[in-house]
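Scroll down for the structure; my scribbles are underneath it.
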Amino acid sequence: MMQRLKFMYRFFLMQPIWFKILAPAALILSILFSSSLFGEDAGYEGGAKLAAAVFFGLWGLQFRRNRRLAIIFFALAAFSLYLAVNAFLKEG
């Protein structure tokens with residue numbers, strides 16, 4: 007388990023600066039918008055799911071060479087995007 011975490015950390019450090027900024031920002035936004043700080047508004051829930059979709063999509067792009075991991079991350083991104091659209095439609 008620890009070896010996998012070290013691999014992910016080293017892999018993260020090798021990425022371009024735009025990825026190092028965008029991936030943690032998407033993760034933090036997803037966590038913040040899904041917390042109770044922003045209330046139960048469907049817009050915030052949809053924003054959290056959208057940020058999660060961006061996060062998973064970014065990692066899917068970075069794992070393009072490993073087809074299995076890329077498919078898993080893109081599937082998670084698609085599911086998060088579906089949940090985001092569903093949350094935004096509930097709001098309207």
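By the count of this note's numbering, the sequence shown reaches residue 98 at its end, each step adding exactly one. Ideal placement from N, C-alpha and C gives every residue a C-beta, glycine not left out.
Span separating the alpha-carbon of residue i from that of residue j
i, j, result
"A57", "P30", "10 Å"
"E111", "A83", "The requested residue 111 is not part of the displayed model; the chain covers only 7 to 98."
"I23", "A93", "31 Å"
"I77", "L11", "20 Å"
"Y50", "F62", "18 Å"
Which of helix, strand or coil DSSP assigns to residue i
i, result
"P22", "coil"
"E51", "helix"
"M14", "helix"
"N92", "helix"
"R71", "coil"
Residue i versus the options, residue with shortest Cα-Cα distance
i, options, result
"V91", "G52, L75, F80", "G52"
Closer than 7 Å: residue i CB and nearest the ligand MG heavy atom
i, result
"A83", "Absence of the ligand MG from the depicted structure is noted, as is the absence of any ligand whatsoever, leaving it without description."
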